[in-house]
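Undergrad:
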Amino acid sequence: MPVEGNTQPFGLLHGGANVVLAESLGSVGTHLHAGPSRRIVGIEISASHHKSATEGYVTAVATAVTLGKTLCTYNVEITNDKGEKTCTARITCLILAQR
135 MPVEGNTQPF GLLHGGANVV LAESLGSVGT HLHAGPSRRI VGIEISASHH KSATEGYVTA
195 VATAVTLGKT LCTYNVEITN DKGEKTCTAR ITCLILAQR
């Protein structure tokens, strides 16, 4: 994700952008696990911001903690262009039947 265009007023990558990135990865991972006939909703997310990013790109990797029938949880690690950890997040998604 580019830092440019996702900054807060002081020029740092906005913490909310990190959270959106983490939730997107967790939701996609859960969708791939559950299949296209199910609905996915995020029910919990937490993030810790370790280092600011002011330029370049950040990269996120989601690792499954648990892949169940109704809940999936992922740890997401976000790093900058130098490979330095900037944020860690944990997301839990609920798997629902289609309406």
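Quick note: the sequence shown uses the numbering used here, first residue 135, plus one each step. For each residue, glycine too, the CB sits at the ideal point set by N, CA and C.
1. In whole angstroms, what separates the C-alpha of A198 from that of K219?
2. What are the residues that DSSP puts in a beta bridge with G176?
3. Is L166 buried or exposed, if buried means 16 or more other CB atoms sit within 10 Å of its CB?
4. Put L155 into one of helix, strand or coil per three-state DSSP.
5. Round the Cβ separation of C227 and G176 to the nearest angstrom and send it over; I've been treating them as touching at under 8 Å.
6. Taking Cβ to Cβ, would you say I229 is nearer than 8 Å to C206?
TA: Working from what's here:
1. Translated into the one-based positions of the sequence shown, residue 198 becomes position 64. Translated into the one-based positions of the sequence shown, residue 219 becomes position 85. The alpha-carbon atoms of A198 and K219 are separated by roughly 18 Å.
2. Translated into the one-based positions of the sequence shown, residue 176 becomes position 42. Note: G176 sits in a beta bridge opposite C227.
3. Along the sequence shown, read from residue 1 onward, the residue named residue 166 stands at position 32. Per the 10 Å Cβ criterion, exposed.
4. What you label residue 155 is simply residue 21 of the sequence shown in a count that begins at 1. The answer is helix: DSSP assigns L155 an H, G or I state.
5. Position 93 of the sequence shown, counting from 1, holds the residue named residue 227. Position 42 of the sequence shown, counting from 1, holds the residue named residue 176. Confirmed, Cβ separation roughly 5 Å.
6. Taking the sequence shown and counting its residues from 1, the one referred to as residue 229 is at position 95. Taking the sequence shown and counting its residues from 1, the one referred to as residue 206 is at position 72. Yes, Cβ-Cβ distance for I229 and C206 is below 8 Å.
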